[in-house]
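Novice: One structure follows; several queries about it will come next.
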Amino acid sequence: MVIENLNDLEKFAYSLAPLLKEGDVINLIGDMGAGKTTLVNSLARFFNIYDSSSPTFAIVNIYDGDIRIYHLDLYRFESPDDLLDIDFETYFYPESAITFLEWAENGEGYLPDDMINIRIDKLGPSTREITILNDTERAKEINDLLGN
């Protein structure tokens, strides 16, 4: 799906959000500045969370609204073993929350197998292409529900 502006991103987020459920782990793939955190902020608003921000320095942000959201940014991790310093199992296998990961590749070896991988490609200053990769059953289910 091609997103031309923030309004389109909000529309995409509001079509995706009702399909997400507790236990989902969403891996956001994209270059710096692609819009990963912006997408999480839009999704959070759907769940009545209005104070979300980038977790780059905090590593983990936890938001409570209609549903609990864990938002992790592993960008500063030097080794996947850095995950041992946080309660990663709570975030990677959430029972009563949705987890969003940025820079998940820095946690290789600890990541759940059934993540929903969403790639954001920057096509221009405000244009993005968002793709939900069909590499897990849950991702296929979401793509089917979205008509992709």
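Residue numbers are given in UniProt numbering: position 142 of the sequence shown equals residue 142, and the series is strictly consecutive.
Yeah, the Cβ is synthetic: ideal placement off N, Cα and C, and Gly gets one too.
Between the alpha carbons of Leu-74 and Asn-61, how many angstroms are there, rounded?
Specialist: 12 angstroms
Novice: For the stretch 32 to 43 and the stretch 107 to 114, state whether three or more C-beta atom pairs, one from each stretch, are separated by less than 8 angstroms.
Specialist: no
Novice: Using a Cβ-Cβ cutoff of less than 8 angstroms, which residues in the same chain neighbour Asp-114 once the five nearest sequence positions on both sides are dropped?
Specialist: Val-25, Thr-136, Glu-137, Arg-138
Novice: Ile-98 and Leu-20 look like a contact to me (Cβ under 8 angstroms); what is the Cβ gap, rounded to whole Å?
Specialist: 5 angstroms
Novice: Do you know whose CA, among Ser-126, Ile-132, Pro-125, lies nearest residue 150's CA?
Specialist: Outside the shown range of the chain (1 to 148) lies residue 150, about which nothing can therefore be said.
Novice: Around the C-beta of Leu-123, are 16 or more other C-beta atoms found within 10 angstroms, so that it is buried, or is it exposed?
Specialist: exposed
Novice: Under DSSP, the beta strand (DSSP E) around residue 171 begins and ends at which residues?
Specialist: Since the first residue shown for the chain is 1 and the last is 148, residue 171 is missing from the structure and cannot be characterised.
Novice: Helix, strand or coil, according to DSSP, for Ala-58 in the structure here?
Specialist: coil
Novice: Just list the residues that DSSP pairs Ala-97 with in beta bridges.
Specialist: Beta-bridge annotation (DSSP): Ala-97 is paired with Arg-68.
Novice: Which residues mark the beginning and the end of the alpha helix (DSSP H) in which Asp-121 is found?
Specialist: Element bounds for Asp-121: not the alpha helix (DSSP H) but the beta strand (DSSP E), 116 to 122.
Novice: Looking only at its chain, what residues have a beta carbon closer than 7 angstroms to the beta carbon of Ser-15, apart from the 5 residues adjacent to it on each side?
Specialist: Leu-146
Novice: I'd like to check one pair, Thr-37 with Glu-102: are the Cβ atoms closer than 9 angstroms?
Specialist: yes
Novice: For Phe-77 and Gly-23, what's the separation of their Cα atoms in angstroms?
Specialist: 24 angstroms
Novice: Are the CB atoms of Thr-127 and Glu-10 within a distance shorter than 9 angstroms?
Specialist: Cβ distance not < 9 angstroms, so Glu-10 and Thr-127 don't count as in contact.
Novice: In or out: Val-2 buried (at least 16 other Cβ within 10 Å) or exposed?
Specialist: exposed
Novice: Which of the three DSSP states is assigned to Asp-81 in this structure?
Specialist: Looking at Asp-81 - three-state DSSP - the assignment turns out to be helix.
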